[in-house]
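Engineer: Starting off with a structure, shown below.
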Amino acid sequence: MQDLEIFDYIESNYVIHDAQRLLLLSLIAVASHSIEYFKKWLTMIDFDAIDSGSFRLMPLVFSAFQTMQAENPYHARMKGIYRYVSFKHALLFAKGRMIFQQLTQEGIEFILFKGAALTLKYYHNKAVRMMDDMDFLIHDKDVLRAEEILFIHGLAYRYTKERRLAFHEHSLDYIDANENGYDMHRYALPESMYPGVDEGIWARSIAVDWNGLSVQVMSAEDLMLTCCVNGVRHLAELRYDWVYDVITIIRREPSIAWQVIYEEANARKLIQPLFNALTIIHDISPHTVPTQQLYTFLANHSAYATDLLCTLVSEGRSHGLNQALIQPMQASRKQTFLMRTIRYLGAVNRSLFPGQRNLHDQQISDEHKPHHIRCFYDEQQQINLLYLRHQYLSGLSNLFEICSSADVSRLTRRYPTMGEGYVKIKPGCLMIKSDSTLNHYQAKLTILNNPRHVVCAPGQRIPLQLKLLNQGSWLWISSRHAEHPYGVSYHVFYQDGTLHTWDCPRYYFLQARKNYVTFLGRQPILCDLQIEAPFEVGHYVIQLDVVHEGINWYSKQGNAFPAITLHVEERE
Amino acid sequence: MFYRINSACVVHEKVDTETFIINTLNGMYFVADGYASLIWDAIAAGYSVEQIQGAFHSAETFEDHERVLCDFFADLLSEELVFVDEQGTNDASTLSITKNTIWGIPMLSKHDDLKDLVALDPVHEVNPEKGWPFQPEV
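Chain order of the listed sequences is A and B.
Quick note, the first sequence lines up with residues 451 to 1022 if you use our numbering.
Quick note, the second sequence lines up with residues 4 to 141 if you use our numbering.
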């Protein structure tokens, strides 16, 4: 696409680990290759420590490779997982069919989506696509009538009354005595909940046969969108099994109306998560979501394309941009690189996206952004090339394991201190650092948006904007091998100082990215953290904290962080 | 005489040499392995009791096969996995069973505590040689 010639290539922002990648490839590759991928996966994994995404793919994997019993040391356990899912889903679908049959008889419209819809429409075998419950969308006016039917079938609300009051807007979870779960959604996605938002989904839904019962399921396009958005919602703990769902949909459908997906995502302001998801799928299966599709996406969403360019440039991730277009700016020493970039991208923006907002109107700043070094590897998986801002060269010994400091010194002398570009590395000279304990755990945390005293409902979520500063003498580093990410979190105490909950959700501010070393020195970074109020009425203290996951809490290293007093009161 | 699978509430699937059978009404889970799986296949394919008995007799699979098969059919009936169809007819071809020296007599392995079954971690809390729902041997 001529207009988007500034993008040399588009890469996934996020990490799917090597073993996870192999597992996905074993499921999507042609037969001869898939067996090789599967065998290689077997050599890499510790089955006892299998991650949740891989676990969810096990029934599919067993189904695909059940004849390889002799080569698979985990065959029996994988078969057991298959049996387990087969058993659970047999009960789930049997009860579900009775419920949906009665909803149909009572004239209550519903649309199945997520696992149940994917099973009925694409997988057909109820044992292969793992799911926790059956999700269905319902009109708001029918919620109470539908709930009565669920009660008749022996279901009860899964959680406490307080939680129901806090989360009823999006969906309501029900279970029966056998723990079969049914999730009744007022809205398809929690990111977009307002009257009429799901009208397109209702209009596009299609009928499928469920052993003689006709039920509506989301269209392929809406299933893809919901898979993608749900899949990348928690990127710091990416569970990647949804990638196989989307690839399956694309492969099974004769054609996909991409424009419908784009328009729906645009209306819901979900362009960024959709693009993130598509880049991940592209990374795993470039034939399924080709580069051209990503270019088309960007051409359809010029404002997002502009934001993406700004982010790439400001975070030092511009290696994927056309160097012939970027380098003239780097050659000039009269202005800072950033200012030249703004000027240049402003011109690009005007030519690419006439009528759209100009890049001059946007803030391109590397303030509050993590730094990035892109690593390239040779066939032996040794680093042989970096793309980086030249100013980082003098700090390479802090960022990598160094085999030869003389080689690194030569690099520092050979390149200018300003600008950015590719730097050749002698293979074996640099290695990705493994996680290690820091010598100094010092940080400062400031709350930017909130009062220190909050009155809220049980379970209410309170968004906080935080500014975090690393005051230690060591860099915060994240890479593909990072098993101990850095995050901000909080602890909940009762008013008298006794502990209510120590481990609460984290916001990992230094996102590990595939092929990158990401780091923060002594410059502040902005973080968004959501506090979830306890479900019991009372007075609490929310104590903010910083965590080096699995290694240290900063508060235990003498750091004092802000606290918020929380008054949780009953709401109707 | 014929037995028919109680399809209204029974889900079954064959994997390797075993068939797992689920009664969705009461949450009972059964594993039929080896000869038991072959018998289940034969019932599903519409063979009569006499044909199944004859096939096992010809193959000389195990001693006292008539009584063993009767016991197995009785288990299937008592668990309501099959029902008797006196009027049934069979157009299927001759049933043939091959003797397997490793397999024991046909038995229905029953797992009836649904809550425990579901609560069992299928990766860690299982017999590594057999997988869920078989628990580690103490």
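Note that beta-carbon positions come from the ideal geometry of N, C-alpha and C, so glycine has one too.
1) Taking 6 Å as the limit between beta carbons, can you name the residues of its chain near Ser513(A), skipping five residues before and five after?
2) Would you say Asn399(A) lies against chain B (beta-carbon separation less than 8 Å)?
3) Whose C-alpha, out of Ile897(A), His818(A), Gln993(A), is nearest the C-alpha of Pro974(A)?
4) When the distance is taken between beta carbons, is Glu870(A) closer than 8 Å to Leu836(A)?
5) Where do the ends of the beta strand (DSSP E) carrying Lys113(B) lie?
6) Closer than 7 Å, Cβ to any Cβ of chain B: which residues of the segment 603-632 of chain A, in chain order?
7) Ala544(A) versus chain B: which residues are under 9 Å apart at the beta carbon?
8) Using a C-beta cutoff of 8 Å, does Arg506(A) count as contacting chain B?
9) Straight-line CA distance for Ile730(A) to Ile599(A)?
10) Using a Cβ-Cβ cutoff of less than 7 Å, which residues in the same chain neighbour Val987(A) once the five nearest sequence positions on both sides are dropped?
11) With a cut-off of 8 Å, does the C-beta of Val18(B) fall near any C-beta of chain A?
12) If you draw a straight line from the C-alpha of Gln812(A) to the C-alpha of Arg471(A), how long is it?
13) Relative to chain A, which residues along the segment 126-140 of chain B have a C-beta separation below 9 Å, given in chain order?
14) Please state whether DSSP places Asn889(A) in a helix, a strand or coil.
15) Helix, strand or coil for His941(A), going by three-state DSSP, please let me know.
16) Would the C-beta of Met110(B) count as close to the ligand ATP, meaning under 7 Å from any of its heavy atoms?
17) How should Met899(A) be labelled, buried or exposed, when 16 other C-beta atoms within 10 angstroms of its C-beta is the threshold for buried?
18) Which chain B residues sit within Cβ distance under 9 Å of Leu477(A)?
19) Relative to the C-alpha of Ala1010(A), which candidate in Gln892(A), Ser855(A), Val696(A) has its C-alpha closest?
20) Looking at C-alpha atoms only, which residue of Tyr32(B), Gly30(B), Asp44(B) is the closest neighbour of Ser99(B)?
21) Which residues in the same chain have their Cβ closer than 7 Å to the Cβ of Lys551(A), if we skip the five residues on either side of it in sequence?
22) Just to confirm the assignment: which complete alpha helix (DSSP H) runs, minimum length 4, are found wholly within the segment 700-787 of chain A?
23) Taking the straight line between their C-alpha atoms, what separation do you get for Met779(A) and Ser764(A)?
24) According to DSSP, is His821(A) helix, strand or coil?
25) Can you list, in chain order, the residues of its chain with a C-beta nearer than 7 Å to that of Ala606(A)? Leave out the 5 residues immediately preceding and following it.
26) Kindly indicate which three-state DSSP category Pro866(A) falls into: helix, strand or coil?
27) On the DSSP bridge assignment, give the partners of Val996(A) in chain order.
28) Does Gly557(A) pass the burial test, meaning 16 or more other C-beta atoms within 10 Å, or should it be called exposed?
29) Rounded to whole angstroms, what is the Cα-Cα separation between Ile814(A) and Tyr745(A)?
30) Alpha carbons only, please: which of Ala638(A), Gln666(A), Val665(A), Glu982(A) is nearest the one belonging to Leu675(A)?
31) Using alpha carbons as the reference points, say which of Lys538(A), Arg595(A), Leu688(A), Ile852(A) lies closest to Thr172(B).
32) State buried or exposed for Gln831(A), treating a residue as buried only when at least 16 other CB atoms are found within 10 Å of its CB.
33) Let me see if you follow: with CB-CB separation under 8 Å, is Gly755(A) close to chain B or not?
34) Step through the CB atoms of chain A and report whether any lies within less than 8 Å of the CB of Val121(B).
35) Ignore the nearest five residues each way along the sequence and tell me which others in Thr951(A)'s own chain have a CB closer than 8 Å to its CB.
36) So for Gln830(A), helix, strand or coil by DSSP?
Structural biologist: To lay it out plainly:
1) Val578
2) As shown, chain A starts at 451 and ends at 1022. That puts residue 399(A) outside it, with no answer to give.
3) His818(A)
4) no
5) Lys113(B) -> beta strand (DSSP E) spans 111-114.
6) Asn628, Glu629
7) Cys12, Val14, Ile25, Thr27, Leu28
8) no
9) Separation of Ile730(A) and Ile599(A) (C-alpha to C-alpha, rounded to the nearest whole angstrom) is 40 Å.
10) Pro908, Val1018, Glu1019, Glu1020
11) yes
12) For Gln812(A), the predicted model reports a pLDDT of 41, less than 50, meaning its position is unreliable; a value from the coordinates is still stated below. One Cα belongs to Gln812(A), the other to Arg471(A), and the distance between them is close to 36 Å.
13) Val126, His127, Val129, Asn130, Pro131, Glu132, Lys133, Gly134, Trp135, Pro136, Phe137
14) coil
15) strand
16) The ligand ATP is not among the ligands present in this structure, which contains no ligands whatsoever.
17) Residue identity check: residue 899(A) is Asn in the sequence provided, not Met. By the 10 Å Cβ count, Asn899(A) comes out exposed.
18) Those within 9 Å of Leu477(A) in chain B number zero; the least Cβ separation is about 18 Å.
19) Checking every option, the nearest Cα to that of Ala1010(A) belongs to Gln892(A).
20) Of the candidates Tyr32(B), Gly30(B), Asp44(B), the residue whose Cα lies closest to the Cα of Ser99(B) is Asp44(B).
21) Strictly speaking, residue 551(A) in this sequence is Gln, with Lys absent from that position. Closer than 7 Å at the Cβ level, and outside the excluded window around Gln551(A), lie Leu663.
22) 708-717, 721-734, 741-750, 752-764, 773-781
23) With a pLDDT of 45 at Met779(A), under the threshold of 50, the modelled position of this residue cannot be trusted; read the value that follows with caution. Between Met779(A) and Ser764(A), the C-alpha separation is close to 14 Å.
24) strand
25) Sequence-distant partners of Ala606(A) (beyond 5 residues in either direction) whose C-beta falls short of 7 Å from its own C-beta, in its chain, are Tyr624, Ile625.
26) coil
27) Val938(A)
28) exposed
29) No answer about Ile814(A) holds up, because its pLDDT of 45 lies below 50 and its placement is not dependable.
30) Ala638(A)
31) For residue 172(B) there is no data in the structure shown, the boundaries of chain B being 4 and 141.
32) Gln831(A) is exposed by the Cβ-count criterion.
33) According to the sequence as given, residue 755(A) is Ala; it is not Gly. No, its Cβ sits nowhere closer than 8 Å to a Cβ of chain B.
34) So, interface residue.
35) His941, Val942, Pro984
36) Residue state, collapsed to three classes: coil.
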